[in-house]
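Enquirer: Line by line, the protein sequences give chains B and A.
Position one of the first sequence corresponds to residue 93 (our numbering), numbered consecutively onward.
Position one of the second sequence corresponds to residue 302 (our numbering), numbered consecutively onward.
Glycine included, each C-beta is placed from N, C-alpha and C at the ideal position.
First, the structure itself, so that you have it in front of you.
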Amino acid sequence: MQELHIHFKRTLCDFVFTLFLTAILCILLMNVINLTISDISYSIGFLVLLLSILISIFHWSLCKCDIYLWKFAFLLPRDIIYYIIARNNGDSDIIDEEITIELPEESAIIRSKPNEEPDPDSSLENLEKIFKKTLEGLKDVLKNLWCKHSDYIIDELIKSETSNKIAPDIKFFKYNIKHLSRGESEEIILWLHTKGDRILKANSNDKSLNISISHGDWNCSSFDYLGSIYLLLSKNVILLLARSLLLLLISFLILLQNPPLLLVADPSQIQEKLIEGEGHFVIISAKNIGCDLLNASLSNMSSSKEINASWIYKTSSKFAYGDIRFINISIDRECPPGEYVGSIIIDAKANRIISISFPFNHICTIGQTSAEKLVEVPFFFKIIPKLNAIPLEQQKL
Amino acid sequence: MTGEIPGQFEYEHLLSHTFPGFFTAFTFFMLMDVWSPSRLTELVLSNYNNLIAFIGFVLLVGTIMGVILDNIHHCILEGMIFDQFDEVQLWITKFNRLTKIDPNKFNHCDSENIIYYNFVKTIGTDALNYITHLRKGKYCYSEFYANTFIALVPFSIVVPYYLLKTFQISWSLCIYISFFILFISCISLVSSYQAYRNYNKSLYYLVLGFINEDDKLGEYYARITYTF
Chain B
93 MQELHIHFKR TLCDFVFTLF LTAILCILLM NVINLTISDI SYSIGFLVLL
143 LSILISIFHW SLCKCDIYLW KFAFLLPRDI IYYIIARNNG DSDIIDEEIT
193 IELPEESAII RSKPNEEPDP DSSLENLEKI FKKTLEGLKD VLKNLWCKHS
243 DYIIDELIKS ETSNKIAPDI KFFKYNIKHL SRGESEEIIL WLHTKGDRIL
293 KANSNDKSLN ISISHGDWNC SSFDYLGSIY LLLSKNVILL LARSLLLLLI
343 SFLILLQNPP LLLVADPSQI QEKLIEGEGH FVIISAKNIG CDLLNASLSN
393 MSSSKEINAS WIYKTSSKFA YGDIRFINIS IDRECPPGEY VGSIIIDAKA
443 NRIISISFPF NHICTIGQTS AEKLVEVPFF FKIIPKLNAI PLEQQKL
Chain A
302 MTGEIPGQFE YEHLLSHTFP GFFTAFTFFM LMDVWSPSRL TELVLSNYNN
352 LIAFIGFVLL VGTIMGVILD NIHHCILEGM IFDQFDEVQL WITKFNRLTK
402 IDPNKFNHCD SENIIYYNFV KTIGTDALNY ITHLRKGKYC YSEFYANTFI
452 ALVPFSIVVP YYLLKTFQIS WSLCIYISFF ILFISCISLV SSYQAYRNYN
502 KSLYYLVLGF INEDDKLGEY YARITYTF
């Protein structure tokens, strides 16, 4: 039951870890596809939660079922993997020799490789047993929660692991070497959950057996709150990387459904010199090379009323991918001489779809972006007076 | 006159440090182009002066980024990922056992340095050739793959936006290109791990060829270095 407790704690920490990572990447992705949290429904939260649960459970089952995959398991701050090499330094072969490894106080063996006895949980046939065990652990925690012990999970995550009551009767790990030729060595890997002391002592009756023990763990003297978080992160960098890559792949699938909002205007800026009294117009083309746009609107940021901008042959409010539209900027004939500076801005909205299919469920969320400024074409018109223009007073006379 | 790489530039060093750095500098440029309202690529290609300025930017930023990427690779990929694998740990354990260096006092990098000094003392300057051969033949490739992985991941994120804006390639094709680059980066990561594991394995066998397991040389040099 105590090992189950550690396993459950591991799964819970793994889930929280994955949830944080998924949530951070989801916020980044939403930012990339021009959505804010207020734009989207609660189903995205459900999607993040579901994705985290699926990743955690799938990964945990994989580590539990396969002896070669457990090295990729989620490690707790106090987990250490020991590498023990037993070498025959003698002149004769060693046959049927037992190695006794004295474990540190209050430590628990999580897994060992190779296993002395076949692990009952190591085959896919026993997957049902694993899920039953998980269900039991889950029921236990839910029961605690129901009984208003709401600090149970928080304690599990935050408190130092001194609260763990690891079975004190596990003191020795015994491994039997069946046959070891002269100069040959055998490797044993031991995954322990320790409390304080980390030193292992190995003994064997045969003095010619040279046993060396090492671990690749960081030397951490204190297991305070920050130290535990540091160890939790540094020990699981591989998971962080692997899951980030997996989530990046999922993000690419979502991006495939949601191209960016992108328009290309030609010309990108206008500078013209005009003569007073002559009407003039400039045509700008705008090509949509991104996603289908909704409510594409045109704004003329000019202080002068004589300069107008309008769409040419606009049939609908939808501006689909690949479409080219034209804008006419016209300068009125009555426009007095002077310099006119301004810009033409096109803004639009777009629909966003986040659709992921699971074998048991299909989640589809549709959101809409806020109006984004897609193109800004600055213009500068200089209208110079006509050289032979007759002043107005003289015309009246 | 044939074109040769000058003596002070080692091809392996350029491969492992500088080329991934150039890649990252180009990613920076693409990111600036994507965020900028103007078209930087067109600006660069418009005349020779701009092109020379761009090449200067890639050389300067690329060299700096190459060194930074290498440090990230040593700290995170090598120190926190590769060294945690059973296969690598077992070779390191064997190496420490062979050299009798206490792993609690020295990390793997220190142990390697100690044994190099031991080598130079024992077999003279030839030791440097053996070590250089091992580093060039195995370790530089591991570094190259790892640095390429670090450079390719941000590249795969930025490239679809750049291709769409600059070359107006269809969005789905841009994303497929990203998928492909991400796949290549994952292959680089696996290759880096394999090269690193092979390097540790080769290092063990190189040391095994010159040190008798009963010698206490390693311990002696460890003590000297520690005191020093």
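Give me the DSSP bridge partner(s) of Val433 of chain B.
Expert: Bridge partners of Val433 of chain B: B:Phe472.
Enquirer: For Tyr175 of chain B, which residues in chain A fall below 8 Å Cβ to Cβ?
Expert: Here the neighbours are Asp387, Gln390, Leu391 and Thr394.
Enquirer: Looking at the C-beta of Thr303 of chain A, does it have a partner C-beta in chain B at a distance below 8 Å?
Expert: Low confidence applies to Thr303 of chain A: its pLDDT is 49, below 50, so where it sits in the model is not reliable, and the reading given next is rough at best. Answer no: the Cβ-Cβ gap between Thr303 of chain A and chain B never drops below 8 Å.
Enquirer: Using a C-beta cutoff of 8 Å, does Cys441 of chain A count as contacting chain B?
Expert: No, no contact with chain B.
Enquirer: So that I know if they touch, is there some Cβ in chain B lying closer than 8 Å to that of Lys466 of chain A?
Expert: Yes, Lys466 of chain A lies at the interface with chain B (some Cβ there is under 8 Å from its Cβ).
Enquirer: Within 8 Å of any Cβ in chain B, is that where the Cβ of Phe480 of chain A sits?
Expert: Chain B, which has a Cβ nearer than 8 Å to the Cβ of Phe480 of chain A, makes this yes.
Enquirer: If you count every other CB in all the chains shown that lies within 10 Å of the CB of Lys266 of chain B, and 16 or more means buried, which is it?
Expert: Exposed, because fewer than 16 other Cβ atoms sit within 10 Å of the Cβ of Lys266 of chain B.
Enquirer: At least one CB of chain B closer than 8 Å to the CB of Gln495 of chain A: is that the case?
Expert: Not an interface residue.
Enquirer: Going by C-alpha distance, which of B:His97, B:Asn126, B:Leu104 and B:Leu292 is nearest Thr192 of chain B?
Expert: Ranking B:His97, B:Asn126, B:Leu104 and B:Leu292 by Cα distance to Thr192 of chain B puts B:Leu292 first.
Enquirer: Cβ closer than 7 Å: which chain A residues qualify as neighbours of Pro351 of chain B?
Expert: Result: Trp472.
Enquirer: If you draw a straight line from the C-alpha of Val329 of chain B to the C-alpha of Tyr494 of chain A, how long is it?
Expert: Taking the straight line from one Cα to the other gives about 15 Å.
Enquirer: On the DSSP letters alone, give me the boundaries of the beta strand (DSSP E) that Glu279 of chain B sits inside.
Expert: Unbroken beta strand (DSSP E) run through Glu279 of chain B: Ser277 to His285.
Enquirer: Using beta carbons (cut-off 8 Å, strictly below), is Phe344 of chain B in contact with chain A?
Expert: Judged by the 8 Å Cβ criterion, Phe344 of chain B is in contact with chain A.
Enquirer: Based on DSSP bridge pairs, tell me the residues matched to Asn400 of chain B.
Expert: In the DSSP output, where bridge partners are listed per residue, Asn400 of chain B has B:Ser422.
Enquirer: Going along the stretch 324–344 of chain B in order, which residues come within less than 8 Å of chain A, judged by CB to CB distance?
Expert: Within the stretch 324–344 of chain B, the residues whose Cβ lies closer than 8 Å to some Cβ of chain A are Ser326, Lys327, Val329, Ile330, Leu333, Leu337, Leu340, Leu341 and Phe344, listed in chain order.
Enquirer: Under the assumption that Thr328 of chain A contacts Gly367 of chain A (Cβ atoms under 8 Å), give the Cβ distance between them as a whole number of angstroms.
Expert: At roughly 13 Å, the Cβ-Cβ gap does not stay under 8 Å, so Thr328 of chain A and Gly367 of chain A are not in contact.
Enquirer: Who are the Cβ neighbours of Ile476 of chain A in its own chain at under 8 Å, not counting the five residues just before and after it?
Expert: Cβ within range, chain order: Pro461.
Enquirer: Excluding the 5 residues preceding and the 5 following Leu121 of chain B in the sequence, name in chain order all residues of the same chain whose CB lies nearer than 7 Å to its CB.
Expert: For Leu121 of chain B, where only same-chain residues beyond five positions count, the Cβ hits under 7 Å are Ser343 and Ile346.
Enquirer: Taking Cβ-Cβ distances shorter than 8 Å, what residues in chain B pair up with Arg498 of chain A?
Expert: None at all; the shortest Cβ gap to chain B is about 14 Å.
Enquirer: By DSSP, does Ile98 of chain B sit in helix, in strand, or in coil?
Expert: The answer is helix: DSSP assigns Ile98 of chain B an H, G or I state.
Enquirer: Give, in chain order, every residue of the stretch 370–394 of chain B whose Cβ lies closer than 9 Å to some Cβ of chain A.
Expert: Residues passing the 9 Å Cβ filter: Lys379, Ile381, Gly382 and Cys383.
Enquirer: Counting only the same chain and skipping the five closest in sequence on each side, list residues whose C-beta sits under 8 Å from that of Phe107 of chain B.
Expert: Hits under 8 Å: Ser144, Ile145 and Ser148.
Enquirer: So which residues on chain A does Leu347 of chain B lean against when the C-beta distance must stay under 7 Å?
Expert: Within 7 Å Cβ-Cβ: Ile476.
Enquirer: Can you name the start and end residues of the beta strand (DSSP E) that Gln460 of chain B belongs to?
Expert: Run containing Gln460 of chain B: His454 to Gln460, per the beta strand (DSSP E) assignment.
Enquirer: Rounded to whole angstroms, what is the Cα-Cα separation between Leu369 of chain B and Glu426 of chain B?
Expert: In the sequence as displayed, the identity of residue 369 of chain B is Gly instead of Leu. Approximately 6 Å between the Cα atoms of the pair.
Enquirer: Short of 7 Å Cβ to Cβ, which residues in the stretch 418–442 of chain A face chain B?
Expert: Going along the stretch 418–442 of chain A in chain order, one finds no residue with a Cβ nearer than 7 Å to chain B.
Enquirer: Could you give the DSSP three-state label for Ala326 of chain A: helix, strand or coil?
Expert: Correct three-state label for Ala326 of chain A: helix.
Enquirer: Taking 8 Å as the CB-CB cut-off, is Glu276 of chain B touching chain A?
Expert: Answer no: the Cβ-Cβ gap between Glu276 of chain B and chain A never drops below 8 Å.
Enquirer: Check the C-beta distance from Lys263 of chain B over to Glu194 of chain B and give it rounded, since I have them as a contact under 8 Å.
Expert: Going by Cβ atoms, the distance from Lys263 of chain B to Glu194 of chain B rounds to 7 Å, so yes, they are a contact pair.
Enquirer: What are the partner residues of Arg417 of chain B, as DSSP defines its beta bridges?
Expert: Its beta-bridge partners are B:Ala378.
Enquirer: Within the continuous alpha helix (DSSP H) that includes Thr495 of chain A, where are the two ends?
Expert: Note that residue 495 of chain A is Gln in the sequence shown, not Thr. From DSSP, the alpha helix (DSSP H) with Gln495 of chain A extends over Trp472 to Phe511.
Enquirer: Could you check which residue in B:Phe112, B:Ile281, B:Asn123 and B:Pro196 has the C-alpha nearest to that of Glu388 of chain A?
Expert: The shortest Cα separation from Glu388 of chain A among B:Phe112, B:Ile281, B:Asn123 and B:Pro196 belongs to B:Ile281.
Enquirer: Can you tell me which of A:Ile356, A:Gly380 and A:Trp392 puts its alpha carbon nearest to the alpha carbon of Ile305 of chain B?
Expert: For the residues A:Ile356, A:Gly380 and A:Trp392, the minimum Cα distance to Ile305 of chain B belongs to A:Trp392.
Enquirer: Could you pull out every residue in the same chain whose Cβ sits closer than 7 Å to the Cβ of Asn350 of chain B, ignoring the five residues on either side in sequence?
Expert: Within the same chain, Asn350 of chain B has close Cβ partners Ile125, Cys383, Arg444 and Ile445.
Enquirer: Three-state secondary structure (DSSP) at Asn268 of chain B?
Expert: It is a strand residue.
Enquirer: Let me check understanding here. Comparing Cα to Cα, which of B:Ile98, B:Leu104 and B:Ser135 lies closest to Asn453 of chain B?
Expert: The shortest Cα separation from Asn453 of chain B among B:Ile98, B:Leu104 and B:Ser135 belongs to B:Ser135.
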